[in-house]
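The structure appears below as structure tokens.
In this note's numbering, the protein residues as written are -5 to 288.
Below you can see the structure in the form of structure tokens.
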């Protein structure tokens, strides 16, 4: 529990946030200075403070997940490992497309990508984009260089080259709105600067930020920039998994059925300009999805 404490030094009064917890049988206390007055956004500061306190516990869980994942892969025959990746690819393709309005069912997607059976009475665009997602997903797994605007544009072009040739691999030159969202993306004139800042931030921080947090921030910040006319969510989820895979962690599939919580956490982070909201959602979702490795 977080408490506010008041300390007097001479004639001055100072306020602190404090949290007491037990570690190895001993009580420990962490404090954060607030100022001479209690800030108006104290409730948000409390949430941020308690999250920072428990962040190390999250990291420990994630390291255990990584170790369990590594151990399972070590003893898995190559054919079984290949099948495991294929199963993930199918579910990831289904969910990342379905979130964006695809009409393909999971069974449609599996039959198409695993057996080459084209579903009847389904939009040809959805079919082509599912096939393209499979191709780009496997290319992403094999890609050994680091993230850059060049590779992101290439992946976007591959994803939409057969269905939306006029926008595939191109930064938008017009304004956009996100349906059913209170967040308004940046104007097109801001995009070049924002993208340069985004990749500069990534290159400066990729070795400093814990990989799970980095993956969450990569997703949030890229989709917030919203550089494409369409496909921003799909690319954001792809590069999120690029980071997870690069650092040896299990990749994350965000189920279509859980999209409401996913959308809400993104929107609240964007509107309030508070990364922590999405990071908290992401941490919980990632840990829950990977319980098998603990």
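We put the CB at the ideal spot given by N, CA and C, even for glycine.
Check, Outcome
"Three-state secondary structure (DSSP) of residue 202", "coil"
"Opposing strand residues paired with residue -3 [DSSP bridges]", "12"
"Endpoints, alpha helix (DSSP H) assigned at residue 80", "72 to 92"
"Residue 251 CB to nearest heavy atom of the ligand HEM below 7 Å", "As far as ligands go, the structure on display features none, and thus does not contain the ligand HEM."
"Bridge-paired residues (DSSP) for residue 21", "16"
"Three-state secondary structure (DSSP) of residue 2", "strand"
"Candidates 168, 198, 36, 257: closest to residue -2 by CA position", "36"
"Same chain, Cβ closer than 6 Å to residue 235, five either side skipped, listed in chain order", "245"
"Uninterrupted alpha helix (DSSP H) stretches inside the segment 114 to 157 (no shorter than 4 residues)", "118 to 136, 143 to 154"
"Test item: CB-CB of residue 219 and residue 146 under 8 Å", "no"
"For residue 26, the three-state DSSP class (helix, strand or coil)", "strand"
"Nonlocal neighbours in the same chain, by C-beta distance under 6 Å from residue 212, ignoring five residues either side", "233, 234, 237"
"Contacts around residue 300, its chain only, beta-carbon distance under 8 Å, and the 5 residues preceding and following it disregarded", "No information on residue 300 is available, as it lies outside the stretch -5 to 288 that the chain covers here."
"For residue -5 and residue 182, the rounded distance between their alpha carbons", "44 Å"
"Cβ neighbours of residue 291 in the same chain (closer than 7 Å, five flanking residues each side left out)", "Since the first residue shown for the chain is -5 and the last is 288, residue 291 is missing from the structure and cannot be characterised."
"8 Å contact criterion, which residue 103 and residue 231 should meet: CB distance rounded", "That belief does not hold up - the Cβ atoms of residue 103 and residue 231 are roughly 15 Å apart, past 8 Å."
"Those residues which DSSP pairs with residue 7 across a bridge", "2"
"Cα-Cα separation between residue 197 and residue 263, rounded to whole angstroms", "23 Å"
"Inter-residue Cα distance where the pair is residue 111 and residue 121", "10 Å"
"Residue burial classification, residue 141 (beta-carbon count within 10 angstroms, cutoff 16)", "buried"
"Validate contact between the segment 255 to 273 and the segment 172 to 179 using beta carbons, cut 8 Å, 3 pairs", "yes"
"Straight-line Cα distance separating residue 98 from residue 116", "7 Å"
"CB-CB length for residue 75 against residue 243, believed under 8 Å", "Incorrect: roughly 16 Å between the Cβ atoms, too far for contact."
"Sub-8 Å separation of residue 209 and residue 272 beta-carbons", "no"
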